[in-house]
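Residue numbers (UniProt numbering): 1 to 338.
Quick reminder that beta carbons are idealized off the backbone N, C-alpha and C, glycines included.
Keep in mind that this is a model prediction, so the values were computed, not measured.
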């Protein structure tokens, strides 16, 4: 019985060792496949990191492009502001020059007309002095050659001539003063007209520059918006592509991992089923061998029992013979002593 149990233990240990070796091989294979899947997942992670880096670089390029467009827009605005300031300064300079020229021309013309009027007045005065001298000479001559009445008539004529000369002189001065004031008013009106024209042109230039500046700003803003939209669309496409690839990779790796896990479970189940069948077969064989050995052992035990019974019977006979011999020896000893 002990030998049979020991043999069954050795067979069971051998079967367990064989099954453990096979399961260990399968476990090693599964570990290798798991490591391979981990490497592939690590590669996918590196690819995701590369895509993330690409997205970061794209966002950096987008921010740089936005900064460049903003800098260009600021430069254009400063350039337009400088040009507008230069144009305003130029127009102000031209207006100031026109005003100074108009004032100079007005002053020169007034001086020239005043010189002409003064020259004419001096000429008229010289003529009047000449006429007065002649009249005085005539008066002196008349005084010398005529009587008191003639002298009174000449004095009256001289007084009338003086009054007429004074009246003509006052009328002439009023006329030239009116002409000078009219000329000055005309020049002032012309100067105001030129000033209004210059201010109108300056305002039109400002409006035109403002419209061009607004159009340029709108153009730059539209270009910046288009560039930003382009980069945003590209970034969205990259993100969508990266998300799709990541989802596809995750799905593929999940499917592969699920398939590997299912295959491992199926193979493990097959191995366990095969090991269980082998163990059942081994147990059946062991039971059959145990039964056979038990039958043989029981047969041997029965034979040994029969032999022991025979030996026991022989021992009984020997014991009876020994007792008889003891009795006989006792009798002989008694007879010898008696």
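Item: Beta-carbon proximity check, residue 227 vs residue 65, cutoff 8 Å; Value: yes
Item: Integer-rounded CB distance, given that residue 216 should sit under 8 Å from residue 80; Value: 7 Å
Item: Contact check, residue 76 vs residue 220, beta carbons under 8 Å; Value: yes
Item: Between the CA atoms of residue 82 and residue 199 - distance to the nearest angstrom; Value: 20 Å
Item: Straight-line Cα distance separating residue 232 from residue 40; Value: 31 Å
Item: Span separating the alpha-carbon of residue 243 from that of residue 47; Value: 12 Å
Item: Short Cβ contact (8 Å threshold) for residue 238 with residue 54; Value: yes
Item: Distance CB(residue 91)-CB(residue 179) smaller than 8 Å; Value: no
Item: Identity of the residue in 211, 212 and 121 nearest residue 170 by Cα; Value: 121
Item: Own chain residues within Cβ distance below 7 Å of residue 59, not counting five before or after; Value: 235
Item: 4 or more residues per run - each alpha helix (DSSP H) lying fully within the segment 167 to 252; Value: none
Item: Closest residue to residue 43 among 87, 250, 73 and 318 (Cα-Cα distance); Value: 250
Item: Residue 384 versus residue 295 - alpha carbon distance; Value: Within the shown structure, residues of the chain are numbered from 1 to 338, placing residue 384 beyond reach of any answer.
Item: Nonlocal neighbours in the same chain, by C-beta distance under 6 Å from residue 204, ignoring five residues either side; Value: none
Item: Nearest-angstrom Cα separation, counted from residue 327 out to residue 314; Value: 20 Å
Item: Through-space distance from residue 281 to residue 272, alpha-carbon basis; Value: 14 Å
Item: The ligand GTP heavy atom lying under 7 Å from the CB of residue 225; Value: The ligand content of the structure shown is nil, which means the ligand GTP is not present either.
Item: Option in 209, 241 and 63 with minimal Cα separation from residue 229; Value: 63
Item: Candidates 256, 241 and 194, of which the one nearest residue 101 by Cα; Value: 194
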